[in-house]
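Colleague:
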Amino acid sequence: MSWWTIPHSLRPDTSSISHLDKQQQEQLVLSPFKDNINTNLSAADRLLQPKLKPLHALLQTLGTIPYMYDERRYQYILTWCSWPAAYTILITVYMIVLLVVSVIGLVPVMTGTMPLDNNSSVAALKLIGVILILECVVNALGQLVSNIVFGRRGCRLLNSWHHLIASSQLDPTSGLMSTHIRQLVFLVLFWAANLTMAVLGRPSLVTQLLDGLTLVMLGQPSPHQMVRVWMCLVALHVFSVYKGGLFSFTSCCHLLSNAFTAWNSRLAIAIEGERGRGLFVEVWNGRGGGLGQLVLIHHQLVSLVRETEAVFGPTLQCYFASTIVVLCAELYLLASRLGSSHNAAEGAMAAGLLIVQTLAVFAQVSLAAAGVQEASEGSMDIVRRGLPYNCSDKDKFHREELTTSLTSSTIHISGGRYFIINRPFILTVVSAVATYFIVMLQLLQPHTQNQYQPTTTTLDPFNATDNATFTTLDPLNLTTNTIDPSNYSFTTMLNPTSDTSDYLENSTTFPSLP
105 MSWWTIPHSL RPDTSSISHL DKQQQEQLVL SPFKDNINTN LSAADRLLQP
155 KLKPLHALLQ TLGTIPYMYD ERRYQYILTW CSWPAAYTIL ITVYMIVLLV
205 VSVIGLVPVM TGTMPLDNNS SVAALKLIGV ILILECVVNA LGQLVSNIVF
255 GRRGCRLLNS WHHLIASSQL DPTSGLMSTH IRQLVFLVLF WAANLTMAVL
305 GRPSLVTQLL DGLTLVMLGQ PSPHQMVRVW MCLVALHVFS VYKGGLFSFT
355 SCCHLLSNAF TAWNSRLAIA IEGERGRGLF VEVWNGRGGG LGQLVLIHHQ
405 LVSLVRETEA VFGPTLQCYF ASTIVVLCAE LYLLASRLGS SHNAAEGAMA
455 AGLLIVQTLA VFAQVSLAAA GVQEASEGSM DIVRRGLPYN CSDKDKFHRE
505 ELTTSLTSST IHISGGRYFI INRPFILTVV SAVATYFIVM LQLLQPHTQN
555 QYQPTTTTLD PFNATDNATF TTLDPLNLTT NTIDPSNYSF TTMLNPTSDT
605 SDYLENSTTF PSLP
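If you count the sequence shown from 1, position 437 lands on 541 in the numbering used here, and the numbers rise without skipping.
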């Protein structure tokens, strides 16, 4: 334990012991606080750790996180010689091998050297399956590399939550356990459904997708049923690693949103003059003390937002870039199925289910990140209420600090500072993808044949016969006389030695004007 682990609100005045050296000062100051801080961290551990334990157990089983929780010190630690770190490195190497094998196997497919299937419709389904798994591999690999590079920073992020809960007595875990349970149930049902279909070999769509993966990764066009089941396990593991990293991000966003909501409630209590709880006292009696604590906690929350943004920034960049590409590919497949004359209901339904699954994950990640900004913006409405005239100068000063902090820059989650994740961003992405789908749907629709078939007439002056039909109109008699062009000879007209009588015999006499 050190001086810096004590929250600012609990640090005592050291002016009376300034004549002692630094080590003696720390011993005198920290001794009364050791039991208090350990008690607070223990309470924070009992509050936060049970809610995060199911998700972290899943992530460690999948090999996603290299750190582990030390129950004796109430903090997360990263040791490269530990089994979680070694397991994460092993899974990272495994993902790299899968990516290299998939790219090598996909090259002859894209060049047409090795078609996925003789039927173009089935080949398109297989190609979409390969692209989806390849997208999961790329995202999973990006998350693993990010967790290894920013492993210690991730530990500090989680440990900061323990210190925040211990010092501020906020409870940001509301609804966190139920969210994790829904995520785990989703993965279990997804595994059970896909394994059952892979073992039974029905419907045929699942078999076709697994055959496409086997052909790309192993080069076997007609694999055995056990090979299909093995490929299904590989795909499910990659999918789970990919989704597990996103679940970890949504959990951090859930904690941030709840923390800002709880902090807004504390701020409203302090400004409205109601009696606070714990260290928070009312500011209307002129004694002050309430807003200073809230300003400190708000600074800690902003720091947690920045740390979350830094830890998950590369993951979000890779996810949103690949998700847009995958959505466009899936919508192209759906448009081609809807616009094909040989429209298979199974193919259209499969493409629709893939799109629904991708959009559901996109909405979950995007709305969780956007919720952080929405919860933080609620503070300004509370600060606008103002303070009473007889409040203390400290509270007035802290209110000015808080106003400056809230108005200087927005609090949000971004993808590596390239884009801000909020509701306008979600609408922009959805609108762009929907526009792409409408354009593709129009381009891939079968064109209606015209009722009038145009014919091209070629006049050859060196050919005596022309296939056109000539008509003459009699000005005195509105009847149309059709002339047979087979008797009309251009050769006679072009040959000066020909007899003029032949020309007149084969020519048409036009009526004279009256």
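Glycine included, each C-beta is placed from N, C-alpha and C at the ideal position.
Which partner residues does SER518 have in the DSSP bridge list?
Modeller: SER518 is bridged to ILE524.
Colleague: Can you give me the start and stop residues for the alpha helix (DSSP H) that ASP174 sits inside?
Modeller: Careful: ASP174 lies outside any alpha helix (DSSP H), inside the beta strand (DSSP E) at 172–174.
Colleague: How is ILE459 classed by DSSP in three states: helix, strand or coil?
Modeller: DSSP places ILE459 in helix when its eight states are reduced to three.
Colleague: Give the range of the beta strand (DSSP E) segment to which ILE169 is assigned.
Modeller: First-last for ILE169: undefined, no H or E at that position.
Colleague: Apply the 10 Å Cβ neighbour rule to GLU413 and answer buried if 16 or more other Cβ atoms are within range, or exposed otherwise.
Modeller: That one is buried.
Colleague: I need the DSSP call for TYR423, collapsed to helix, strand or coil.
Modeller: Residue state, collapsed to three classes: helix.
Colleague: GLN287 lies in the beta strand (DSSP E); which residues open and close that run?
Modeller: Here GLN287 belongs to no beta strand (DSSP E); instead the alpha helix (DSSP H) covers 280–304.
Colleague: I need the boundaries of the beta strand (DSSP E) containing TYR493, first residue and last residue.
Modeller: Careful: TYR493 lies outside any beta strand (DSSP E) and carries neither H nor E.
Colleague: Near GLY209, what residues of its chain come up, given a Cβ to Cβ distance below 6 Å and the 5 sequence neighbours on each side ignored?
Modeller: VAL320 and MET321, listed in sequence order.
Colleague: Touch check for the region 404–418 and the region 506–518: three-plus C-beta pairs under 8 Å?
Modeller: Taking 8 Å as the limit for Cβ pairs, the verdict is that the region 506–518 does touch the region 404–418.
Colleague: Could you check whether the region 253–263 touches the region 326–333, counting it as contact only if at least three pairs of C-beta atoms, one from each stretch, sit closer than 8 Å?
Modeller: They do not touch, by the three-pair rule.
Colleague: Taking all protein chains shown into account, do 16 or more other C-beta atoms lie within 10 angstroms of the C-beta of ALA374, making it buried, or fewer, making it exposed?
Modeller: Classification for ALA374: buried.
Colleague: Taking C-beta to C-beta, are ALA228 and LEU437 nearer than 8 Å?
Modeller: The answer is yes: Cβ separation under 8 Å.
Colleague: Would DSSP call TYR180 helix, strand or coil?
Modeller: Strand, per DSSP.
Colleague: Measuring CA to CA, which of ILE237, TRP184, VAL201 and LEU280 is closest to GLN153?
Modeller: Measuring from the Cα of GLN153, the nearest candidate turns out to be LEU280.
Colleague: According to DSSP, simplified to helix, strand and coil, what is HIS358?
Modeller: If DSSP states are grouped into helix, strand and coil, HIS358 belongs with the helices.
Colleague: Tell me whether HIS55 sits in a helix, a strand or coil according to DSSP, three-state version.
Modeller: Here the chain comprises residues numbered 105 to 618, so residue 55 is not present and cannot be evaluated.
Colleague: With DSSP run on the structure shown, which of helix, strand or coil describes SER513?
Modeller: Residue state, collapsed to three classes: coil.
Colleague: If you measure between the beta carbons of GLY475 and CYS356, is that distance less than 8 Å?
Modeller: No, these two residues do not count as a Cβ contact at 8 Å.
Colleague: As a quick exercise: from ALA189, VAL533 and GLU505, pick the residue whose alpha carbon is nearest that of PHE466.
Modeller: Closest by alpha carbon: VAL533.
Colleague: By alpha-carbon positions, which one of LEU506, SER483, SER470 and ARG488 ends up nearest to PHE523?
Modeller: When only C-alpha atoms are compared, the closest one is SER470.
Colleague: Where in the region 187–239 do unbroken runs of the beta strand (DSSP E), each at least 3 residues long, occur, reported from the N-terminal end onward?
Modeller: None, since the region 187–239 contains no complete beta strand (DSSP E) of that length.
Colleague: Look at the Cβ atom of CYS432, then the Cβ atom of VAL242, and state whether they are nearer than 8 Å.
Modeller: Not closer than 8 Å, so no.
Colleague: Tell me the DSSP secondary structure of LEU437 in three-state form.
Modeller: Note: LEU437 maps to helix in three-state DSSP.
Colleague: When burial is assigned at 16 or more other CB atoms within 10 Å of the CB, is CYS626 buried or exposed?
Modeller: The requested residue 626 does not occur in the structure, where the chain is confined to residues 105 to 618.
Colleague: I'd like to check one pair, TYR171 with PRO188: are the Cβ atoms closer than 8 Å?
Modeller: Cβ distance < 8 Å, so PRO188 and TYR171 count as in contact.
Colleague: Report yes if the C-beta distance between LEU245 and LEU304 is below 8 Å; otherwise report no.
Modeller: No; because the gap between Cβ atoms is not below 8 Å, this pair is not in contact.
Colleague: Assess, as a yes-or-no matter, whether the region 289–300 is touched by the region 180–197 under the definition of 3 or more beta carbon pairs within less than 8 Å.
Modeller: The region 180–197 is not in contact with the region 289–300.
Colleague: Within 10 Å of its beta-carbon, does VAL460 have 16 or more other beta-carbons around it, so buried, or fewer, so exposed?
Modeller: By the neighbour-count rule (16 or more Cβ atoms within 10 Å), VAL460 is not buried but exposed.
Colleague: Taking the CB atoms as reference points, tell me whether VAL399 and GLU505 lie closer together than 8 Å.
Modeller: A contact, by the Cβ cut-off of 8 Å.
Colleague: Under 8 Å by Cβ, that's how I've got PHE541 and LEU463 pegged, so tell me the actual separation to the nearest angstrom.
Modeller: Not quite, the Cβ-Cβ distance comes to about 12 Å (not below 8 Å), so this is no contact.
Colleague: Cutting at 8 Å between CB atoms, please list the residues of its own chain near SER231, excluding the five before and the five after it.
Modeller: With the sequence shown as reference, residue 231 is identified as Leu, and Ser is not the correct amino acid for it. Around LEU231: VAL213, LEU220 and GLY316.
Colleague: Return the CA-CA distance between CYS240 and LEU491, expressed in angstroms with no decimal places.
Modeller: Near 52 Å, if we compare the C-alpha coordinates of LEU491 and CYS240.
Colleague: How would you write the range of the alpha helix (DSSP H) that ARG488 sits in, first residue to last?
Modeller: ARG488 -> no alpha helix (DSSP H), and no H or E assigned at all.
Colleague: Rounded to the nearest angstrom, what separates ILE235 and THR365 at their Cα positions?
Modeller: ILE235 and THR365: Cα-Cα distance of roughly 40 Å.
Colleague: Taking 8 Å as the cut-off, decide whether the C-beta atoms of ARG286 and LEU395 are in contact.
Modeller: No, the Cβ-Cβ distance between ARG286 and LEU395 is not below 8 Å.
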